[in-house]
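Numbering (UniProt numbering), first residue to last: 1 to 453.
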């Protein structure tokens with residue numbers, strides 16, 4: 001019976017019992033049947049002294065698979081609790097890119113850890129650490145299969161059996177010439193269907209999608225998504241093969257960028273949320289600039305209301321609709337902002353004229369505004385039986401909806417044109433701007449029709 005057919009809790013209990021009884025043989029028999037992810041889940045549920053025992057029961061190579069599933073904080077605790085010899089051997093079996101991620105995010109002594117490792121593995125990791133952060137070079141791995149374009153399929157199969165177990169993936173074999181220039185790619189499917197005597201260059205595909213070593217990781221993620229790839233080769237500026245970026249790393253990039261965009265959308269600097277050691281003073285220092293900007297804009301909002309104080313005093317009921325006008329302006333603007341930022345990230349905005357993008361949101365805002373105005377007209381007429389008030393509120397709603405959609409669209413586009421991250425055009429910023437414009441429109445219409453009220 002396979003593990004998947006067993007009750008996981010019961011299975012885990014058997015492993016816990018083996019640990020308590022110091023039964024290494026039974027523990028290994030049960031634990032090593034688990035998927036890496038389940039091994040980590042069980043490991044993470046234990047007390048520190050039991051975790052130490054698991055490390056003792058496993059070889060460094062076996063434990064490296066559990067280590068790669070941990071977050072950085074847990075990894076640091078493990079490294080501190082194990083001997084240098086064990087850690088060095090474990091690091092030799094961890095994928096280059098995953099080890100680089102740990103070294104760059106942890107507070108561990110990089111040089112000390114690298115010095116303990118195998119010299120060749122250490123050299124590869126040092127090279128990856130030298131690349132700029134958030135580039136293809138910083139997230140790639142050197143563990144890939146490169147074959148020569150003059151090799152026969154039989155020779156490739158022999159090579160694959162010898163070194164394939166060390167590669168991050170063998171679904172793609174990258175074809176190079178004598179100068180290590182990438183000249184083609186051979187899929188595992190093509191390899192298995194080819195004759196042993198076939199020459200690689202005769203059956204390889206020369207239509208290779210690749211990334212530059214200094215290319216932004218977001219661009220690399222977009223390429224992998226667009227072409228539905230499992231991995232992408234990374235080339236130097238002279239087209240020499242340097243490494244590959246695999247889809248599992250791209251998933252991490254997408255999650256990371258999404259979190260950063262969400263944080264910026266809330267008008268908070270990304271490093272404010274990432275740094276777990278951040279002090280209250282530093283957090284305040286980082287957040288204050290945006291809060292001050294929003295405060296100034298908020299004062300402008302108050303100023304608008306104060307400027308039209310006479311109108312409000314004349315018809316107090318106008319105040320009842322202020323929250324509705326401001327709320328609608330902010331909501332529509334934020335929706336337009338979110339759609340536009342997504343289109344920018346998907347390169348949908350740059351591929352069409354700006355006025356076309358704005359026009360689409362203008363039409364959308366108009367439709368939404370008309371629908372809301374009709375509903376609001378009926379409600380205001382029922383509640384206040386005032387035709388002039390109905391016209392003021394309904395007309396304001398249409399104009400505010402249109403204006404908010406346009407503002408929410410144009411600001412991120414302009415930011416993008418000036419090479420500023422459009423996500424910085426945050427929700428609070430757009431909302432406050434639209435609050436001001438919405439109130440101005442509302443009170444101007446109300447003032448012009450005041451004698452009808």
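Don't be surprised by glycine CBs; every beta carbon is placed ideally from N, CA and C. Treat the numbers as computed from the prediction; the structure is a model and nothing was measured.
| Item | Value |
| --- | --- |
| Cα-Cα separation between residue 106 and residue 82, rounded to whole angstroms | 16 Å |
| Same chain, Cβ closer than 7 Å to residue 122, five either side skipped, listed in chain order | 114 |
| Cross-strand partners of residue 246 (DSSP beta bridge) | 231 |
| Beta-carbon proximity check, residue 104 vs residue 168, cutoff 8 Å | no |
| Own chain partners of residue 137 with C-beta closer than 6 Å, once the 5 adjacent residues on each side are dropped | 131 and 213 |
| Assumed close pair residue 184, residue 204 - CB separation to whole angstroms, cut-off 8 Å | 4 Å |
| Contact check, residue 223 vs residue 209, beta carbons under 8 Å | yes |
| Residue interval of the beta strand (DSSP E) (run including residue 175) | 172 to 176 |
| Secondary structure of residue 183, DSSP reduced to three states | strand |
| Beta carbon of residue 418 nearer than 8 Å to that of residue 304 | no |
| Three-state class that DSSP yields for residue 310 in the structure shown | helix |
| CB of residue 408 within 8 Å of CB of residue 430, strictly | yes |
| Simplified DSSP state of residue 10, which is helix, strand or coil | helix |
| Opening and closing residue of the beta strand (DSSP E) in which residue 148 lies | 146 to 148 |
| 3-residue-minimum beta strand (DSSP E) runs that sit fully inside the region 83 to 169, ordered along the chain | 146 to 148 |
| When 374, 406 and 405 are compared against residue 392, the one with the closest alpha-carbon | 374 |
| Nearest neighbour of residue 206, chosen from 149, 13, 230 and 153 [CA to CA] | 149 |
| Residue range of the alpha helix (DSSP H) that includes residue 208 | Taken as a continuous stretch (DSSP letters only), residue 208 belongs to no alpha helix (DSSP H), as it is neither H nor E. |
| Nearest-angstrom Cα separation, counted from residue 311 out to residue 447 | 6 Å |
| Limits of the unbroken alpha helix (DSSP H) element including residue 39 | 36 to 44 |
| Under the three-state DSSP convention, the category residue 216 falls into | strand |
| Beta carbon proximity, residue 26 to chain D, threshold 8 Å | Protein chain content of the structure displayed is limited to a single chain, and chain D is not contained in it. |
| Segment limits, alpha helix (DSSP H) that includes residue 54 | 48 to 57 |
| Whole-angstrom distance between residue 16 and residue 9, CA atom to CA atom | 10 Å |
| Reference residue 318, options 35, 363 and 388, closest by Cα | 388 |
| Close Cβ partners of residue 143 (< 7 Å) along its chain, the five nearest in sequence each way excluded | 95, 96, 166, 167 and 168 |
| Nearest candidate by alpha-carbon position, reference residue 250, set 369, 11 and 220 | 220 |
| Identified DSSP bridge partners for residue 199 | 152 |
| For residue 241, three-class secondary structure by DSSP | strand |
| Same chain, Cβ closer than 8 Å to residue 235, five either side skipped, listed in chain order | 182, 210, 211, 212, 213, 241 and 242 |
| CA nearest to the CA of residue 432, picked from 390, 450 and 332 | 332 |
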